[in-house]
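**Student:** Numbered by numbering that gives the first Met the number 0, the letters in the sequence shown go through residues 0 to 38 in order. By construction, the Cβ of each residue, glycine as well, lies at the ideal position given by its N, Cα and C atoms. These numbers were taken from a predicted model, which means no experiment stands behind them.
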Amino acid sequence: MEDLEDMANAVIEHVRAGKEKVYSLEDVERELGLDNSFR
C-alpha cells in the first residue's frame, strides 16, 4: 500500500510541475467522439 501512495504522490508532483498532462472529462469525451456533437 505504501508503494501505491508513493506512486500517487509522484504523479501529483509531476502534474504540479507541468510534466504530466491532465485531461478533463469533456476533453476525453470529445477525443473519443462521445460528446454528442455532430461532425
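Flag this pair as yes or no: are the beta carbons of V14 and V21 separated by less than 7 Å?
**Tutor:** Locating residue 14 in the sequence shown gives position 15, where the first residue counts as 1. Locating residue 21 in the sequence shown gives position 22, where the first residue counts as 1. Taking the C-beta atoms as reference points, V21 is found nearer than 7 Å to V14.
**Student:** State the Cα-Cα distance for the pair E30 and D5, rounded to the nearest angstrom.
**Tutor:** Residue mapping note: residue 30 aligns to position 31 of the sequence shown, counting from 1. Residue mapping note: residue 5 aligns to position 6 of the sequence shown, counting from 1. Approximately 30 Å between the Cα atoms of the pair.
**Student:** In this structure, how does DSSP classify V21 when only helix, strand and coil are distinguished?
**Tutor:** The residue labelled residue 21 in the question sits at position 22 within the sequence shown. V21 falls in the coil class under three-state DSSP.
**Student:** State the Cα-Cα distance for the pair D2 and E19, rounded to the nearest angstrom.
**Tutor:** As a position in the sequence shown, residue 2 is number 3, starting the count at 1. As a position in the sequence shown, residue 19 is number 20, starting the count at 1. Between D2 and E19, the C-alpha separation is close to 20 Å.
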